[in-house]
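*Asks:* A single structure is presented below for examination.
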Amino acid sequence: MIDRHGMVARRAARAILRDDDEADDAVQEGMLAAWRAIARYDPERPFRPWLMRIVVNAALDARRRSRVRQAEPIAETLESGGLGPDRMAEAALLRVRLDEGLASLPERQRIALVLFDAEGWGHADIAAALGVPEGTVRSYVFHARRAMRKVLGVLAEGMK
66 MIDRHGMVAR RAARAILRDD DEADDAVQEG MLAAWRAIAR YDPERPFRPW
116 LMRIVVNAAL DARRRSRVRQ AEPIAETLES GGLGPDRMAE AALLRVRLDE
166 GLASLPERQR IALVLFDAEG WGHADIAAAL GVPEGTVRSY VFHARRAMRK
216 VLGVLAEGMK
């Protein structure tokens with residue numbers, strides 16, 4: 066279970082908690098809870114959304130317990146090889162603005178946006194993981210994207 070779903074679960078927990086160590090703890094708690102509740106799993110339904118719902122709940126519980134609202138930098142994804150100093154500075158500024166924008170989103174919008182755009186999840190899987198209707202997930206993604214466009218503004222245009 067961990068080998069097959071651990072990385073996806075960690076990314077989902079990371080989207081909620083914004084801290085690698087806390088995400089690892091939430092995944093461990095979620096996986097343990099899933100193991101204990103495996104008898105309640107309905108094999109007629111997909112396994113991943115069921116498991117992710119448990120992991121998301123564990124991450125949300127951890128977030129409620131900690132009440133820490135710090136914006137941690139997201140992982141560096143832009144390669145610096147071959148970029149001049151100006152482009153590297155622009156890329157660094159874009160990363161900071163992206164991180165600030167994600168941190169400013171309501172929790173469920175941030176989760177939906179990260180899972181949909183960064184992780185490639187479908188609306189139905191996100192809906193199952195968050196326990197909301199699929200239309201609500203579509204709304205979360207729409208509003209999160211709109212907010213991110215405002216935050217990134219012309220900075221993102223200059224990076225093209």
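Last residue of the sequence shown: 225 in the numbering used here, with the numbers rising by one and none dropped.
Note that CB positions come from ideal geometry on N, CA and C, so glycine has one too.
Whole angstroms are fine: how far does the CA of Arg175 sit from the CA of Gly166?
*Replies:* What you label residue 166 is simply residue 101 of the sequence shown in a count that begins at 1. What you label residue 175 is simply residue 110 of the sequence shown in a count that begins at 1. C-alpha separation (whole angstroms): 9 angstroms.
*Asks:* Can you tell me whether DSSP reads Arg110 as helix, strand or coil?
*Replies:* By one-based count along the sequence shown, residue 110 stands at place 45. DSSP places Arg110 in coil when its eight states are reduced to three.
*Asks:* Take Ala102 and list the residues in its own chain whose beta-carbon comes closer than 8 angstroms to its own, dropping the five residues that flank it on each side.
*Replies:* If you number the sequence shown from 1, residue 102 lands on position 37. Excluding sequence neighbours, Ala102 sits near Ile119.
*Asks:* Using a threshold of 9 angstroms, state whether the C-beta atoms of Ala80 and Glu184 are closer than that.
*Replies:* Counting from one through the sequence shown, the residue named residue 80 turns up at place 15. Counting from one through the sequence shown, the residue named residue 184 turns up at place 119. The answer is yes: Cβ separation under 9 angstroms.
*Asks:* Need the endpoints of the alpha helix (DSSP H) that Ala168 sits in, please.
*Replies:* Mapped onto the sequence shown, residue 168 falls at position 103. Note, Ala168: alpha helix (DSSP H), 150-169.
*Asks:* List the whole-angstrom C-beta distance separating Tyr205 from Arg173, where the pair is believed to meet the contact cut-off of C-beta under 8 angstroms.
*Replies:* Here residue 205 refers to the residue found at position 140 of the sequence shown. Here residue 173 refers to the residue found at position 108 of the sequence shown. Contact holds; Cβ gap of about 6 angstroms.
*Asks:* Closer than 6 angstroms by C-beta to Gly218: which residues in its own chain qualify, once you throw out the five before and the five after it? Chain order, please.
*Replies:* To locate residue 218, count along the sequence shown from 1; it is residue 153. Closer than 6 angstroms at Cβ, skipping near neighbours: no residue.
*Asks:* Starting from the C-beta of Trp100, find all residues in its chain whose C-beta is less than 6 angstroms away, skip the five residues before and the five after it, and write them out in chain order.
*Replies:* Position 35 of the sequence shown, counted from the start, is the residue given in the question as residue 100. Excluding positions up to five away in sequence, the list is empty.
*Asks:* Under three-state DSSP, which class holds Val216?
*Replies:* Residue mapping note: residue 216 aligns to position 151 of the sequence shown, counting from 1. Three-state DSSP puts Val216 in a helix.
*Asks:* Just to confirm the assignment, what range does the alpha helix (DSSP H) spanning Leu97 have?
*Replies:* Counting from 1 along the sequence shown, the entry for residue 97 is found at position 32. From DSSP, the alpha helix (DSSP H) with Leu97 extends over 85-101.
*Asks:* Indicate the three-state DSSP secondary structure (helix, strand or coil) for Met197 in the structure shown.
*Replies:* Against the sequence shown, residue 197 aligns to sequence position 132. First, the amino acid is wrong: residue 197 is Val here, not Met. Looking at Val197 - three-state DSSP - the assignment turns out to be coil, as it is neither helix nor strand.
*Asks:* Measuring from the CB of Pro150, is there a heavy atom of the ligand SAH at a distance below 8 angstroms?
*Replies:* Summarising the ligand content, the structure contains no ligands, and the ligand SAH is consequently not present.
*Asks:* For Asp68, report the span of its alpha helix (DSSP H) as first-last.
*Replies:* Along the sequence shown, one-based indexing puts residue 68 at 3. Unbroken alpha helix (DSSP H) run through Asp68: 67-82.
*Asks:* Measuring only the C-alpha atoms, how far is Asp190 from Met213?
*Replies:* If you number the sequence shown from 1, residue 190 lands on position 125. If you number the sequence shown from 1, residue 213 lands on position 148. Their backbone Cα atoms lie some 22 angstroms apart in a straight line.
*Asks:* Once you ignore the five residues that flank Thr201 on each side, which residues in its own chain have a CB closer than 6 angstroms to its CB?
*Replies:* Here the question's residue 201 lines up with position 136 in the sequence shown. So the list is empty, once near-sequence residues are dropped.
*Asks:* Checking 9 angstroms against the spacing of the C-beta atoms, do Ala77 and Ala98 come in under that value?
*Replies:* For this step, residue 77 is matched to residue 12 along the sequence shown. For this step, residue 98 is matched to residue 33 along the sequence shown. Cβ distance not < 9 angstroms, so Ala77 and Ala98 don't count as in contact.
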